[in-house]
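Below: the structure, in structure tokens.
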Amino acid sequence: MHKKLALWSITVGLGGLLFGLDVAVISGAEQAIQSLWNLSDWMHGTAIAMALYGTVFGAALGNIPANRIGRKKTLFWIGILFLVTSVGAALAQDVYTFMVFRFLSGLSIGASSVVAPVYISEIAPPKYRGRMVISFQLNVVAGILLAYFSNYLLQGLGGENDWRWMLGVVAIPSLLFSVMMLFTPETPRWLVLYKNDPAAAKKVLAITGEATDAMIDAIRNSVSKAKESLFSKKFIVPLMLAFLIAFFNQMSGINAIIYFAPKVFEMAGIERSGALLSSVGIGVVNLVFTITGWYLIDRFGRKLLMYIGSLGYIISLSLIAISFNAADKTMIVYYVFMFIAAHAVGQGAVIWVFLSELFPNSVRASGTSFGCLTHWVFAALVAQVFPFFAANVPGTYIFGFFAFMMFLQLLYVWKMMPETKGVALEDMEQNIVLH
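Each residue of the sequence shown is one higher than the one before, starting from 296 at the first, in my numbering.
Structure follows, in structure tokens:
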């Protein structure tokens, strides 16, 4: 792989670092925020879920600037928005101001989850595409680990206001990301289809090692002359596949764990400092097994990883559910680590790659946006209701429900999911129909 190509995918993947940081950093602040503003369980869930409501709009609308001003410029402004909103949330003096800034930060999370994988998939040769798009997910989990570790180190700094420092640290990598985006090129597919600049596209394609003239012809021929609507009968299969993989991603309970890790561990009887340290363990396991998924995805394909992840989900979630009835609940920590490992090597490794591959060139950004929108709608719902259910429903029932949903995911992988490994983006539509 050309060094520049690797550098560009790493740079864009840093959008995932901001994504992971912003998603997980709230776990160290959420209980302090509830205490500071004396929030009810429902208002607490609303304050924490506000960023996820923002992601819904960011995911829904992210394809618009990505198509109009380009993938590169959109990612630059996403970094700026991360910078402004992290500082704003850290300085908030009341819960409503806090929720406004968290909602706006969610816009950047949702948009980055659409635009960054699209950018990488459009610039990557087919044989490297899985590993290159996973650079986004690797950065997401690195951001989650960094957030957990930062929260652990910052506890007590500034006394009761340590949560402000926890949220404010996101500003530093946000600025770095936007600066680095200034040195990346636009994707060849956007240059051909939206800017009509094949000369610039050829320069980028030459670095990727693809036959430039033939590839530009293939890109042009992959798009119908007539404007195509995403929500038409033609795209019903990829729409259904995208909806279901995003739906099952959240029905695993992953965001209940990521957002409320200390609360889950305290439900198991672990005191707060130990709960924060155990959350660091989640980040480490997540990173190690995401790297494993990165190594395997282009060697063995997307479906095998989803099979492994689905079985791991079912086993670990069942053990967590059973352990909530045990006298000694300390094993829950290790079962949660097992759950995170299953997620990282399965759904975590596959979802952003799969969503960025499913749709043809004419509707790729909007199709990926639809899948991300589905993901974030259910993520917001889970974050909204989890504090209420954690306070009022036994953990056995909560995690038993998640285990059942993962059995349904296993059926989805077996009966519906196509393999997309090694298929050129321009050939993906035919591959899905044949499947």
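Even glycine gets a Cβ: it sits at the ideal position worked out from N, Cα and C.
Just so it is clear, the structure is predicted and the values come from calculations on it, not from any experiment.
#1: Rounded to a whole number of angstroms, what is the C-alpha to C-alpha distance between residue 635 and residue 437?
#2: Cutting at 6 Å between CB atoms, please list the residues of its own chain near residue 707, excluding the five before and the five after it.
#3: Excluding the 5 residues flanking residue 603 on each side, which residues of the same chain have their C-beta closer than 8 Å to its C-beta?
#4: Going straight from the alpha carbon of residue 328 to that of residue 451, what length do you get?
#5: Can you find the residues in the same chain that come closer than 7 Å, C-beta to C-beta, to residue 402, ignoring five residues on each side of it along the sequence?
#6: Report the option in 400, 379, 587, 658 whose CA atom is closest to the CA atom of residue 531.
#7: Start and end of the alpha helix (DSSP H) containing residue 344?
#8: Should residue 324 and residue 461 be called a contact, given that it needs their Cβ atoms to be closer than 8 Å?
#9: Comparing C-alpha positions only, which one of 582, 344, 525, 421 sits nearest to residue 676?
#10: Near residue 405, which residues of its chain fall below 7 Å by C-beta distance, leaving aside the five closest residues on each side in sequence?
#11: Grab me the residues of residue 387's own chain with a C-beta within less than 7 Å of its C-beta, minus the 5 sequence neighbours each way, in chain order.
#12: Can you name, in chain order, every residue of its own chain whose Cβ lies under 6 Å from the Cβ of residue 704, other than the five neighbours on each side?
#13: Measuring straight from C-alpha to C-alpha, what distance separates residue 614 and residue 429?
#14: Quick one: residues in its chain with C-beta nearer than 8 Å to the C-beta of residue 417, no 5 flanking neighbours on either side, listed in chain order?
#15: What first and last residue would you give for the alpha helix (DSSP H) that runs through residue 411?
#16: Assign residue 335 to one of two classes, buried (16 or more other C-beta atoms within 10 Å of its C-beta) or exposed (fewer than that).
#17: Tell me the rounded alpha-carbon separation between residue 496 and residue 507.
#18: Mapping DSSP to helix, strand and coil, what is residue 712?
#19: Within 10 angstroms of the Cβ of residue 491, are there 16 or more other Cβ atoms? Answer buried if so, exposed if not.
#20: Once the 5 residues before and after residue 307 are set aside, which same chain residues still bring their CB inside 6 Å of it?
#21: Is residue 380 buried or exposed, if buried means 16 or more other CB atoms sit within 10 Å of its CB?
#22: Can you list, in chain order, the residues of its chain with a C-beta nearer than 8 Å to that of residue 645? Leave out the 5 residues immediately preceding and following it.
#23: Please report how far the alpha carbon of residue 480 lies from the alpha carbon of residue 499, in whole angstroms.
#24: Measure the alpha-carbon distance for residue 332 versus residue 523 and round it to whole angstroms.
#25: Once the 5 residues before and after residue 633 are set aside, which same chain residues still bring their CB inside 8 Å of it?
#26: What are the boundary residues of the alpha helix (DSSP H) that residue 508 is part of?
#27: Residue ranges of each alpha helix (DSSP H) run of no fewer than 4 residues wholly in the region 433-467, ordered along the chain?
#28: Could you name the residues of the same chain whose beta carbon sits closer than 7 Å to that of residue 439, not counting the 5 residues immediately before and after it, in chain order?
#29: If you check the beta carbons only, do residue 459 and residue 385 fall under 8 Å apart?
On the basis of the supplied data:
#1: Here residue 635 refers to the residue found at position 340 of the sequence shown. Here residue 437 refers to the residue found at position 142 of the sequence shown. Roughly 14 Å between the two C-alpha positions.
#2: Along the sequence shown, one-based indexing puts residue 707 at 412. So the qualifying residues of the chain are 539.
#3: Along the sequence shown, read from residue 1 onward, the residue named residue 603 stands at position 308. Same-chain partners within the cutoff: 637, 640, 641.
#4: Here residue 328 is taken as the residue at index 33 of the sequence shown, counted from 1. Here residue 451 is taken as the residue at index 156 of the sequence shown, counted from 1. Cα to Cα, the separation comes out at about 14 Å.
#5: As a first step, residue 402 is located in the sequence shown; it is residue number 107 there, counting from the start. Around residue 402: 349, 352, 353, 376.
#6: The sequence position of residue 531 within the sequence shown is 236, counting from 1. It is 658 whose Cα lies nearest to the Cα of residue 531.
#7: In the sequence shown, residue 344 corresponds to position 49, counting from 1. Residues 336-356.
#8: The count along the sequence shown starts at 1 and reaches residue 324 at position 29. The count along the sequence shown starts at 1 and reaches residue 461 at position 166. Yes. Within cutoff.
#9: To locate residue 676, count along the sequence shown from 1; it is residue 381. Of 582, 344, 525, 421, the residue nearest in Cα terms is 344.
#10: The sequence position of residue 405 within the sequence shown is 110, counting from 1. Answer for residue 405: 349, 350, 351, 352, 353, 354, 357, 667, 671, listed in chain order.
#11: Translated into positions along the sequence shown, residue 387 becomes position 92. Result list for residue 387: 393, 396, in chain order.
#12: Residue mapping note: residue 704 aligns to position 409 of the sequence shown, counting from 1. 543, 605.
#13: Counting from 1 along the sequence shown, the entry for residue 614 is found at position 319. Counting from 1 along the sequence shown, the entry for residue 429 is found at position 134. If you take the alpha carbons of residue 614 and residue 429, they lie about 29 Å apart.
#14: Along the sequence shown, one-based indexing puts residue 417 at 122. Answer for residue 417: 366, 482, 483, 484, 485, 659, 720, listed in chain order.
#15: Counting from one through the sequence shown, the residue named residue 411 turns up at place 116. 390-418 is the span of the alpha helix (DSSP H), which, as asked, contains residue 411.
#16: On the sequence shown, residue 335 is found 40 positions in, with the first residue counted as 1. Exposed, since its Cβ has fewer than 16 Cβ neighbours within 10 Å.
#17: Within the sequence shown, residue 496 is the residue found at index 201, counting from 1. Within the sequence shown, residue 507 is the residue found at index 212, counting from 1. For residue 496 and residue 507, the distance between alpha carbons rounds to 8 Å.
#18: Here residue 712 is taken as the residue at index 417 of the sequence shown, counted from 1. Three-state result, residue 712: coil.
#19: By 1-based counting over the sequence shown, the position of residue 491 is 196. Exposed, because fewer than 16 other Cβ atoms sit within 10 Å of the Cβ of residue 491.
#20: As a working mapping, residue 307 is identified with position 12 in the sequence shown. So the qualifying residues of the chain are 411, 414, 415.
#21: Taking the first residue of the sequence shown as position 1, residue 380 is located at position 85. Residue 380 comes out buried.
#22: Here the question's residue 645 lines up with position 350 in the sequence shown. Once the five neighbours on either side are set aside, the close Cβ partners of residue 645 are 540, 588, 592, 597, 600, 601, 604.
#23: Taking the sequence shown and counting its residues from 1, one reaches residue 480 at position 185. Taking the sequence shown and counting its residues from 1, one reaches residue 499 at position 204. The alpha-carbon atoms of residue 480 and residue 499 are separated by roughly 7 Å.
#24: Locating residue 332 in the sequence shown gives position 37, counting from the first residue. Locating residue 523 in the sequence shown gives position 228, counting from the first residue. About 49 Å.
#25: Your numbering for residue 633 matches position 338 in the sequence shown. These residues qualify, in order along the chain: 607, 610, 611, 614.
#26: Sequence index remark: in the sequence shown, residue 508 carries index 213 (1-based). Element bounds for residue 508: 507-516.
#27: 457-463
#28: Start at 1 with the first residue of the sequence shown, and residue 439 comes out as number 144. Excluding residues within five positions, the ones whose Cβ falls inside 7 Å are 315, 318, 319, 553, 578, 581.
#29: For the purposes of this step, residue 459 is identified with residue 164 of the sequence shown, where counting begins at 1. For the purposes of this step, residue 385 is identified with residue 90 of the sequence shown, where counting begins at 1. Yes, these two residues count as a Cβ contact at 8 Å.
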